[in-house]
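With numbering that gives the first Met the number 0, the residue at position 25 of the sequence shown is 24, and numbering never jumps. What follows is a short report on a single structure.
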Amino acid sequence: MTAIVESDGEGYVALCPEVDVASQGKSIAEARKNLAEAVALFFDTATDEEVDRRMREEVCVTQIEVAIA
Numbered sequence: 000m001t002a003i004v005e006s007d008g009e010g011y012v013a014l015c016p017e018v019d020v021a022s023q024g025k026s027i028a029e030a031r032k033n034l035a036e037a038v039a040l041f042f043d044t045a046t047d048e049e050v051d052r053r054m055r056e057e058v059c060v061t062q063i064e065v066a067i068a
């Protein structure tokens, strides 16, 4: 699974784009740990239909260039 972690100014927000689950923490490590718990809870409680509906097989995290005037 992919974890995208970014600062929100007061801590960190972590997102798992494959299943659209997010969490947060005071540090990157805490945000990752909380996200892992949230994703595990999602798989423990979601129906098969919900997992199928939300699951993304391919996620690409990359960079782009944008011209800023």
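Note that CB positions come from ideal geometry on N, CA and C, so glycine has one too.
Residue burial is scored here from C-beta neighbours: V38 has at least 16 other C-beta atoms within 10 angstroms and is therefore classed as buried.
A contact is defined here as three or more CB-CB pairs under 8 Å, and the stretch 54-67 fails this definition with respect to the stretch 29-45. Beta-bridge annotation (DSSP): A13 is paired with V4 and S22. Your pair A2 and C15 checks out as a contact, with CB atoms roughly 6 Å apart and the cut at 8 Å. Apart from sequence neighbours up to five positions away, the residues of its chain that approach K25 with a beta-carbon distance below 6 Å are G10, ordered along the chain.
Residue range I27 to T44 is occupied by the alpha helix (DSSP H) that includes A39. Straight through space, the alpha carbons of G8 and R52 are spaced by roughly 32 Å.
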